[in-house]
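Each number in this note's numbering comes from the position in the sequence shown (counting from 1) with 12 added on. The C-beta atom is built at its ideal place from N, Cα and C for all residues, glycine as well. So the structure is just underneath, and the comments pick up after that.
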Amino acid sequence: MSSTINPEAEFASGAWQISPVKATDPGLVYDISEADYIEFLCGEGYTTKQLKILTHHKSACKGNANKNAVYNLNLPSFALKVNDTFIGTFNRTVTNVGSANSTYKARVMSSSLLEIQVIPDVLSFTSLGQKNHSLSQ
């Protein structure tokens with residue numbers, strides 16, 4: 013597809029944020045549940061009424077919604093409002109769905125104005141379905 017001929021072409025494969033071919037064998041999966049999304053929506057300021065319309069469940073946002081749920085949604089991306097001086101910590105849980113003995117190295121793409129550390133920067137797995145809870149950035 014050519015974006016000069018088909019202006020909508022960038023959406024044909026998700027604007028290349030996801031490779032359809034690589035998606036069939038991802039290696040790692042970021043664990044997430046319906047409850048995580050509900051907590052995220054509550055943290056974003058959704059009301060219980062709005063939540064029920066969206067989810068068709070009897071879920072309710074508690075009085076003190078977890079604002080950190082917005083930053084800690086277990087996805088491979090990270091977002092943080094940048095102030096002059098700040099430290100942000102993100103925790104992620106991943107499950108190995110690749111080979112039993114697998115090693116993955118973190119790759120960070122960001123502005124050169126930011127100092128980003130991933131700890132640990134290498135994840136090693138010895139079995140299929142093994143989880144790692146210590147990935148943080």
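(message) Could you compute how far the alpha carbon of G62 sits from the alpha carbon of A112?
(response) Start at 1 with the first residue of the sequence shown, and residue 62 comes out as number 50. Start at 1 with the first residue of the sequence shown, and residue 112 comes out as number 100. Per the sequence presented here, residue 62 reads as Gln, with Gly not at that position. Each residue's Cα considered, the two are about 43 Å apart.
(request) In angstroms with no decimal places, state the Cα-to-Cα distance between M13 and I44. (result) Against the sequence shown, residue 13 aligns to sequence position 1. Against the sequence shown, residue 44 aligns to sequence position 32. Any reading at M13 needs caution, since the residue's pLDDT is 48, under 50, leaving its predicted position unreliable; the model's value is listed next. When rounded, the distance between both Cα atoms is 33 Å.
(request) Can you say whether F98 is buried or exposed, counting buried as having 16 or more other CB atoms within 10 angstroms of its CB? (result) Counted from its first residue, the sequence shown places residue 98 at position 86. With fewer than 16 other Cβ atoms inside 10 Å of its own Cβ, F98 counts as exposed.
(request) Could you spell out the range, first to last residue, of the alpha helix (DSSP H) harbouring L150? (result) In the structure as shown, the chain starts at 13 and stops at 149, and residue 150 therefore has no counterpart that could be examined.
(request) Could you tell me the boundaries of the beta strand (DSSP E) in which Y116 lies? (result) Here the question's residue 116 lines up with position 104 in the sequence shown. It spans 114-117 - the beta strand (DSSP E) in which Y116 sits, taken as one unbroken run.
(message) Whether or not the region 103-111 and the region 34-48 are in contact is what I'm after, with contact meaning three or more pairs of Cβ atoms, one per stretch, closer than 8 Å; do they touch?
(response) They touch, by the three-pair rule.
(request) Would you mind stating whether V94 and G55 have Cβ atoms separated by less than 7 Å? (result) In the sequence shown, counting from the first residue as 1, residue 94 sits at position 82. In the sequence shown, counting from the first residue as 1, residue 55 sits at position 43. In this structure, the beta-carbon distance from V94 to G55 does not fall below 7 Å.
(request) Answer with buried or exposed for S136, where buried requires no fewer than 16 other C-beta atoms within 10 angstroms of its C-beta. (result) Translated into positions along the sequence shown, residue 136 becomes position 124. It counts as exposed.
(request) Note down, in chain order, each residue of its chain lying with its Cβ closer than 8 Å to the Cβ of N84, except the 5 sequence neighbours on either side. (result) Stepping through the sequence shown from its first residue, residue 84 is reached at position 72. Result list for N84: F102, N103, in chain order.
(message) Alpha carbons only, please: which of R119, G141, T138, S123 is nearest the one belonging to I131?
(response) The residue given as residue 131 occupies position 119 in the sequence shown. Closest option to I131, Cα to Cα, is R119.
(message) Which of the three DSSP states is assigned to I128 in this structure?
(response) Start at 1 with the first residue of the sequence shown, and residue 128 comes out as number 116. Correct three-state label for I128: coil.
(request) Buried or exposed for L53, please, with buried defined as at least 16 other CB atoms from any protein chain shown within 10 angstroms of its CB. (result) Residue mapping note: residue 53 aligns to position 41 of the sequence shown, counting from 1. By the neighbour-count rule (16 or more Cβ atoms within 10 Å), L53 is buried.
(request) Determine the extent of the beta strand (DSSP E) in which L40 is found, giving its start and end residues. (result) Within the sequence shown, the letter at position 28 stands for residue 40. Residues 40-42.
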